[in-house]
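Inspection log for the structure reproduced underneath, given as structure tokens.
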Amino acid sequence: MMRRSGESKLLPGAIGDAESRAAMTMVEKIIARAAGLNSVKPGQMVTAKVDLAFAHDSSGPRRWRPMLEELGVGLWDPDKVVIVSDHYVPAVDAETAEILRVTREFVRDYGVRNFFDMVGISHLLLPDHGLIRPGAFIAGGDSHTPTAGAFGTYAAGYGATDMAGIVATGETWLQCPETVRVILNGRLRRGISAKDVMLRLCKTLGLDNAFRAIEYAGTAVEAMGMPERMVLANMAAELGAETGVVAPDDVTFAYLRERGRPVEDEVAALALASDPDAVFAATHVFDASELAPQIAAPHSPANTFDVGELAGQKIDQAYIGACVGAKIEDLRMAATVLKGRKVAPGVRLLVAPASSKTTALAAADGTLSVLMEAGATLMPSGCGACAGYGAGVLAQGEVCISSTNRNFQGRMGSSGAKVFLGSPYSVAAAAVVGAISDPRELLEQEAA
Amino acid sequence: MGRAFVFGDNVDTDLLAPGAYMKSSARELASHCLEALDPSFPSSVRQGDLVVAGANFGMGSSREQAAVSLKLLGVSAVLATSFARIFFRNAINLGVPAVVFRQAAEISPGDQLQIRLEEGALDNLTTGKTYELEPLPRHIMAMIRDGGLLPHLKRRLAAPESDDE
Ligand code: SF4
Chain W
315 MMRRSGESKL LPGAIGDAES RAAMTMVEKI IARAAGLNSV KPGQMVTAKV DLAFAHDSSG
375 PRRWRPMLEE LGVGLWDPDK VVIVSDHYVP AVDAETAEIL RVTREFVRDY GVRNFFDMVG
435 ISHLLLPDHG LIRPGAFIAG GDSHTPTAGA FGTYAAGYGA TDMAGIVATG ETWLQCPETV
495 RVILNGRLRR GISAKDVMLR LCKTLGLDNA FRAIEYAGTA VEAMGMPERM VLANMAAELG
555 AETGVVAPDD VTFAYLRERG RPVEDEVAAL ALASDPDAVF AATHVFDASE LAPQIAAPHS
615 PANTFDVGEL AGQKIDQAYI GACVGAKIED LRMAATVLKG RKVAPGVRLL VAPASSKTTA
675 LAAADGTLSV LMEAGATLMP SGCGACAGYG AGVLAQGEVC ISSTNRNFQG RMGSSGAKVF
735 LGSPYSVAAA AVVGAISDPR ELLEQEAA
Chain U
594 MGRAFVFGDN VDTDLLAPGA YMKSSARELA SHCLEALDPS FPSSVRQGDL VVAGANFGMG
654 SSREQAAVSL KLLGVSAVLA TSFARIFFRN AINLGVPAVV FRQAAEISPG DQLQIRLEEG
714 ALDNLTTGKT YELEPLPRHI MAMIRDGGLL PHLKRRLAAP ESDDE
């Protein structure tokens with residue numbers, strides 16, 4: 315097979331290899347290629363070359379710089395390093411302003427060209443700029459790095475020292491994880507989203523899947539667009555998994571093509587899919603058609619119930635935000651519930667779109683006016699209150715329902731606050747009713 | 594040798610390094626480490642003490658401050674029945690041994706523990722019991738011996754051909 319320059323190097327070599335080597339899962343194929351090996355097995359220790367490394371204002375430059383200076387080196391390849399200021403944006407005090415200043419200074423001094431300053435959350439910006447390429451080995455200074463796995467990449471999160479080592483050398487060690495396969499058959503019903511799937515999986519698979527990768531497949535996954543697949547991959551982090559992957563297909567290719575960065579070799583990208591006789595650590599099969607809206611109660615995403623079991627729980631705040639829950643598609647989900655309705659008295663609805671482009675799209679298609687007319691407060695694009703870094707945090711004793719991905723104690727402000735997690739539909743429904751309630755009831759009323 | 598501070602399952606990074614203090618200095622952040630579970634922990638833990646916990650220790654975010662805080666408080670090792678991957682790597686990168694220890698439930702708060710990493714053993718001096726520990730892979734031991742990833746890389750960058758051993 316002809317090899318083109320550039321990204322086809324990200325994809326496994328000649329297809330003919332397949333016959334001579336052992337069957338592998340998608341994650342094993344990606345790791346093998348990055349490690350320069352013909353094949354790898356779970357448990358095998360390898361050194362992998364990193365294709366893309368990124369970090370944000372909290373985990374990146376402010377931590378990297380002293381370490382790189384101590385090592386006396388620059389970035390191994392400034393063109394493969396992406397920096398996103400999304401955690402402390404916009405600055406609210408002198409300390410956060412300083413963190414952002416240090417970040418800008420680093421970008422300038424170290425020659426980083428891909429820098430996104432206060433325009434949105436990394437996990438959405440990278441794919442939206444076509445920077446996530448099927449088959450890539452991606453290291454991110456953030457635990458939700460697996461989001462990129464929706465495009466058929468190995469994408470894992472690393473701490474600051476690990477990342478400093480990676481951006482200094484372009485490589486890292488890993489023990490090849492075993493792969494757990496999750497098959498979603500059927501089709502999600504109206505008012506149910508990938509978020510509900512993930513909250514349910516947190517309950518059934520638990521949060522302790524360390525040193526494992528999750529591969530999502532099945533008709534419900536095939537039917538999802540990239541934004542929903544990104545939710546599946548994003549919350550592999552909540553499962554404790556190393557990464558979460560979906561095999562590239564026409565949906566993947568169309569997404570990247572629309573962003574002006576088409577996949578050059580689609581045949582090779584399709585060949586990333588797990589071999590039919592690949593060995594999985596476990597396979598879990600679910601029927602997506604049976605799923606009801608899911609709500610995670612404090613203080614764990616695994617503490618999940620069907621919405622009916624928690625209905626009536628009063629809330630003070632409803633929050634639509636985060637990489638996982640504030641893309642344009644999420645805002646539209648909320649808008650279908652909020653259209654022509656008002657936020658309940660005494661409840662505040664905060665909306666922090668995942669990127670500036672998301673806000674622009676929402677303004678253009680009318681979604682934003684639906685939200686604002688319902689009484690929402692529009693927040694800056696960024697991580698905001700999700701991790702308690704930005705505006706919108708909670709006081710002692712307050713109750714919030716949030717479209718974010720984790721609700722650990724003390725994450726969103728006071729350690730005496732309670733955070734429930736739900737889909738954008740469920741968050742919008744709770745905002746209207748003033749208490750947790752089944753979004754399908756509001757969606758049906760609207761239809762009637 | 595140090596005393597055991599014992600915690601349960603799923604100790605997350607928001608408990609280890611609460612978001613509200615993430616922009617503060619490392620010392621300030623460390624002074625809130627695990628306070629939501631045990632308000633006296635940050636003030637009573639001393640150099641050499643050990644943290645013993647259940648499953649999935651360090652789950653959650655990638656914030657290395659979770660491990661930095663334990664290191665600054667003087668914690669000499671974390672023993673847990675299992676670890677979240679990023680925390681495990683972070684701790685080792687900082688030279689804080691994170692060791693899988695299946696019998697964590699047999700340790701009581703305040704027990705005097707001595708960890709012998711190279712031999713792969715743990716002594717509970719309070720009960721007189723000795724445990725075998727799961728060995729760490731060779732290159733991880735090499736990193737811990739060097740004092741963490743940074744000193745390890747420094748040595749390797751200075752002498753690229755030198756072997757890890
Ligand atoms: S939005 Fe929340 S989960 Fe996503 S990257 Fe930001 S802090 Fe992390």
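Protein chains in written order, with the numbering used here: chain W, 315 to 762; chain U, 594 to 758.
Glycine included, every Cβ here is placed at the ideal spot set by N, Cα and C.
All figures in this text were calculated on a predicted structure; none of them were measured in a lab.
Whose C-alpha, out of the options, is nearest the C-alpha of residue i?
i: Ser655/U; options: Pro635/U, Ile733/U, Phe634/U, Met615/U; result: Met615/U
i: Asp431/W; options: Gly736/W, Val593/W, Val403/W; result: Val403/W
i: Val354/W; options: Asn617/W, Phe368/W, Glu492/W; result: Glu492/W
i: Ala660/U; options: Asp631/U, Ser636/U, Pro611/U; result: Pro611/U
i: Glu628/U; options: Gly444/W, Val707/W, Gly554/W, Ser728/W; result: Ser728/W
i: Thr339/W; options: Pro667/W, Glu712/W, Arg422/W, Arg526/W; result: Arg526/W
i: Gly444/W; options: Thr618/W, Val396/W, Gln489/W; result: Val396/W
i: Ile413/W; options: Glu580/W, Gly748/W, Leu351/W, Trp378/W; result: Trp378/W
i: Thr618/W; options: Ala555/W, Thr486/W, Gly736/W; result: Gly736/W
i: Glu287/W; options: Asp579/W, Leu584/W, Thr518/W, Ala583/W; result: Any question about residue 287/W goes unanswered here, given that chain W covers just 315 to 762.
i: Arg501/W; options: Val535/W, Thr486/W, Leu515/W; result: Val535/W
i: Pro667/W; options: Glu572/W, Ala699/W, Asp620/W; result: Ala699/W
i: Arg418/W; options: Ala408/W, Phe429/W, Glu409/W, Met538/W; result: Phe429/W
i: Cys714/W; options: Ala349/W, Leu682/W, Ser457/W, Arg662/W; result: Arg662/W
i: Val511/W; options: Val360/W, Ile609/W, Lys653/W; result: Ile609/W
i: Val668/U; options: Glu657/U, Ala684/U, Ser675/U, Ile679/U; result: Ala684/U
i: Gly350/W; options: Ala616/W, Cys516/W, Leu389/W, Val364/W; result: Val364/W
i: Asp564/W; options: Ala550/W, Met549/W, Asn548/W, Val581/W; result: Val581/W
What whole-angstrom Cβ distance do residue i and residue j have, given they're in contact under 8 Å?
i: Val645/U; j: Val599/U; result: 5 Å
i: Ile497/W; j: Gly532/W; result: 4 Å
i: Pro392/W; j: Pro607/W; result: Not a contact, Cβ separation roughly 45 Å.
i: Ala367/W; j: Ala453/W; result: 5 Å
i: Thr718/W; j: Tyr633/W; result: 7 Å
i: Val387/W; j: Leu750/U; result: 7 Å
In angstroms with no decimal places, state the Cα-to-Cα distance between residue i and residue j.
i: Met477/W; j: Ala602/W; result: 37 Å
i: Leu325/W; j: Ala625/W; result: 48 Å
i: Pro659/W; j: Arg725/W; result: 26 Å
i: Ile642/W; j: Arg504/W; result: 17 Å
i: Leu757/W; j: Ala649/W; result: 11 Å
i: Leu708/W; j: Asp589/W; result: 47 Å
i: Val604/U; j: Met693/W; result: 31 Å
i: Val746/W; j: Gly689/W; result: 10 Å
i: Asn499/W; j: Ser751/W; result: 26 Å
i: Ala731/W; j: Leu622/U; result: 20 Å
i: Lys747/U; j: Pro738/W; result: 47 Å
i: Met315/W; j: Val684/W; result: Bear in mind that a pLDDT of 34 at Met315/W, under 50, signals an unreliable position, so the number given afterwards is only what the model happens to contain. C-alpha separation (whole angstroms): 52 Å.
i: Ile733/U; j: Met686/W; result: 53 Å
i: Ala743/W; j: Lys671/W; result: 25 Å
i: Leu742/U; j: Ala464/W; result: 30 Å
i: Gly647/U; j: Asp522/W; result: 11 Å
i: Met381/W; j: Pro744/U; result: 10 Å
i: Ala362/W; j: Gly484/W; result: 9 Å
i: His763/W; j: Leu609/U; result: For residue 763/W there is no data in the structure shown, the boundaries of chain W being 315 and 762.
i: Gly320/W; j: Ala348/W; result: With a pLDDT of 49 at Gly320/W, under the threshold of 50, the modelled position of this residue cannot be trusted; read the value that follows with caution. Those two C-alpha atoms are separated by around 15 Å.
i: Arg655/W; j: Ala469/W; result: 40 Å
i: Cys697/W; j: Leu718/U; result: 47 Å
i: Asn721/W; j: Pro615/W; result: 6 Å
i: His437/W; j: Val657/W; result: 29 Å
Cβ-heavy atom distance between residue i and the ligand SF4 below 7 Å?
i: Asn278/W; result: Since the first residue of chain W shown is 315 and the last is 762, residue 278/W is not available in this structure.
i: His437/W; result: yes
i: Ala470/W; result: no
i: His613/W; result: no
i: Ala659/U; result: no
i: Asp431/W; result: no
i: Cys714/W; result: no
i: Asp365/W; result: no
i: Ala701/W; result: yes
i: Leu516/W; result: Here residue 516/W turns out to be Cys, not Leu, going by the sequence shown. No; taking the cut-off as 7 Å, the Cβ of Cys516/W has no heavy atom of the ligand SF4 nearer than that.
i: Ala636/W; result: yes
i: Cys697/W; result: yes
i: Asp371/W; result: no
i: His458/W; result: yes
Pick out the complete alpha helix (DSSP H) segments inside the segment 494-582 of chain W, 4 residues or longer, and give them in chain order.
Listed in chain order, the complete alpha helix (DSSP H) runs (minimum 4 residues) inside the segment 494-582 of chain W are 508-519, 533-536, 540-548, 564-572.
Extract the residue ranges of the beta strand (DSSP E) inside the segment 580-630 of chain W, only unbroken runs of 3 or more that lie entirely within it.
As far as the segment 580-630 of chain W is concerned, its whole beta strand (DSSP E) runs of at least 3 residues are 596-601, 608-610, 618-620.
If you scan the segment 654-710 of chain U from start to end, which runs of the beta strand (DSSP E) of 3 or more residues do you find wholly inside it?
Look at the segment 654-710 of chain U and you find these whole runs of beta strand (DSSP E), each 3 residues long or longer: 670-673, 691-693, 705-709.
List, from N- to C-terminal side, the beta strand (DSSP E) runs of 3 residues or more that fit wholly inside the segment 344-390 of chain W.
Taking 3 residues as the shortest admissible run, the segment 344-390 of chain W contains the following complete beta strand (DSSP E) segments, listed from N- to C-terminal end: 359-363, 366-370.
Complete beta strand (DSSP E) runs within the segment 719-745 of chain W (minimum length 3 residues, chain order):
As summarised for the segment 719-745 of chain W, the continuous beta strand (DSSP E) elements at least 3 residues long and confined to that stretch are 732-735, given in chain order.
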